[in-house]
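In this note's numbering, each residue carries its 1-based index in the sequence shown increased by 85.
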Amino acid sequence: MMQKLGRFFIASLLLSLSLSGPVLGINYAKLPLEQLTEMANMGDQAAQVELATALEHGEGVKKDIELAITWYCLAAGRGSADAQRSLGWIYANGKGVKRDDKLAAYWLDKAAGSGDDYAARLVKRLVDRVGKPDKTGCSHVASAPWLRGRCVTSSCRKIIKMVERLAVDYRLDANLVLAVISAESAFNPAARSAKNAQGLMQLIPETAKRFGVKNVWDKEENLRGGMAYLRWLLAYFNGNVEHALAGYNAGENRVVQYNGVPPYAETKAYVKRILSDYGKRFHHFDKSWLTSAQPTAGLSVVQTEKDAIRGTLGG
């Protein structure tokens, strides 16, 4: 009974208060692990930091530096100076990861910029601060080298920043999302295909409806719809990036039918291009992402128009 009351209390807080910062009156350090994890999953920045700290030090939970870094990254993406400082400290000391002074300096500098005096003092002690790291240790930060050549305008850079922000909420690697956008629309928010796929992530009307997009020409709505579909596919295909990309292009039913990438020239080229840009074949996933689509949509709702396109390819 007490457990149910606890869940009800937490759920009520999540519904009534903004979770961009800590919920007033909550002692996060004393929350049961289940409730702390629930709040962290819902986007509570303080809960994410507390959970990451517990995982980093093995306090009340099995020590897991990799998972700790994931939670720190999620909070750091929302501007948490505590999370940014912790990431810097982990990389500066090589705690469960390879020591990387440049990466440490990156995050300590971020924390200092967020007003953390301790991080500002730490960053001065790092000797090697020449150049920017070619990675951040956090998937929400765009680091793909090809972006410099394909995204040069200020409007395009704003799209990158928007993707970085939304990647935190959707728990997606920003570089994967950007690779999909590059292939789909070349970062053109006004793109429309001959088959009426629209916007940055080329949503057909059925897909937009399935994932609750009301204005497909609104850049953020389009990104949210495309990212919701992409993570749905990642969950459906157990983190297999190749299959998820094939599903985004040809529809998930076709991937199931062929037990892999369908034998369509367009789809094979599409998957090959994005895999080359992204460089990874696995992406973390959460089966709860499968609930993000309209429950009445079914697996075939995305197929209708896309299958008509594939028919011209002889598939």
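Even glycine gets a Cβ: it sits at the ideal position worked out from N, Cα and C. Note that the structure is predicted; figures quoted are calculated from it, not measured.
If the criterion is Cβ atoms closer than 8 Å, does the pair residue i and residue j meet it?
| i | j | result |
| --- | --- | --- |
| residue 355 | residue 334 | yes |
| residue 130 | residue 165 | yes |
| residue 289 | residue 300 | no |
| residue 253 | residue 316 | no |
| residue 377 | residue 329 | no |
| residue 197 | residue 208 | yes |
| residue 125 | residue 157 | no |
At what residues does the alpha helix (DSSP H) containing residue i begin and finish?
| i | result |
| --- | --- |
| residue 328 | 326-335 |
| residue 228 | It is not in any alpha helix (DSSP H) - residue 228 carries neither H nor E in the DSSP assignment. |
| residue 241 | 239-255 |
| residue 270 | 259-270 |
| residue 236 | It is not in any alpha helix (DSSP H) - residue 236 carries neither H nor E in the DSSP assignment. |
| residue 171 | 166-178 |
| residue 78 | Residue 78 lies beyond the range of the chain shown here (86 to 400); nothing can be said about it. |
| residue 352 | 350-363 |
| residue 286 | Segment: none, residue 286 is in no alpha helix (DSSP H) and carries neither H nor E. |
| residue 154 | 150-162 |
| residue 314 | 304-321 |
| residue 195 | 186-198 |
| residue 366 | Where residue 366 is concerned, there is no enclosing alpha helix (DSSP H), given that its DSSP letter is neither H nor E. |
| residue 202 | 202-209 |
Whole angstroms is fine: what's the gap from residue i's alpha carbon to residue j's?
| i | j | result |
| --- | --- | --- |
| residue 375 | residue 319 | 9 Å |
| residue 175 | residue 225 | 18 Å |
| residue 91 | residue 146 | Per-residue confidence for residue 91 stands at a pLDDT of 43, beneath the threshold of 50, marking its modelled position as unreliable; no derived number is given. |
| residue 236 | residue 114 | 43 Å |
| residue 347 | residue 338 | 10 Å |
| residue 361 | residue 278 | 24 Å |
| residue 349 | residue 369 | 27 Å |
| residue 211 | residue 188 | 11 Å |
| residue 215 | residue 256 | Note on residue 215: pLDDT 47, under 50, position unreliable in the model; no value is reported. |
| residue 295 | residue 222 | 33 Å |
| residue 270 | residue 283 | 9 Å |
| residue 364 | residue 263 | 13 Å |
| residue 357 | residue 331 | 10 Å |
| residue 266 | residue 143 | 39 Å |
| residue 232 | residue 128 | 28 Å |
| residue 342 | residue 336 | 10 Å |
| residue 112 | residue 132 | 10 Å |
| residue 116 | residue 161 | 21 Å |
| residue 248 | residue 302 | 16 Å |
| residue 268 | residue 285 | 10 Å |
| residue 373 | residue 228 | 27 Å |
| residue 297 | residue 192 | 35 Å |
| residue 234 | residue 311 | 23 Å |
| residue 309 | residue 243 | 15 Å |
| residue 287 | residue 273 | 10 Å |
| residue 200 | residue 238 | 30 Å |
| residue 190 | residue 340 | 43 Å |
| residue 148 | residue 123 | 19 Å |
| residue 180 | residue 230 | 27 Å |
Name the residue from the options whose alpha carbon lies nearest to the alpha carbon of residue i.
| i | options | result |
| --- | --- | --- |
| residue 205 | 261, 229, 170 and 331 | 170 |
| residue 159 | 377, 265, 250 and 177 | 250 |
| residue 140 | 153, 133 and 132 | 153 |
| residue 135 | 329, 167, 151 and 325 | 167 |
| residue 305 | 336, 246, 340 and 326 | 246 |
| residue 178 | 373, 137 and 150 | 150 |
| residue 325 | 309, 238 and 344 | 344 |
| residue 155 | 272, 242 and 258 | 258 |
| residue 327 | 122, 359 and 190 | 359 |
Label residue i either buried or exposed according to how many other C-beta atoms from any shown protein chain fall within 10 Å of its C-beta, with 16 as the threshold for buried.
| i | result |
| --- | --- |
| residue 240 | exposed |
| residue 307 | buried |
| residue 321 | buried |
| residue 184 | exposed |
| residue 352 | buried |
| residue 260 | buried |
| residue 275 | exposed |
| residue 172 | buried |
| residue 118 | exposed |
| residue 366 | exposed |
| residue 292 | buried |
| residue 195 | buried |
| residue 203 | exposed |
| residue 186 | buried |
| residue 371 | exposed |
| residue 87 | Reliability of the predicted coordinates at residue 87 is poor, the pLDDT of 36 falling under 50, and the value obtained from them is presented with this limitation in mind. Exposed, since its Cβ has fewer than 16 Cβ neighbours within 10 Å. |
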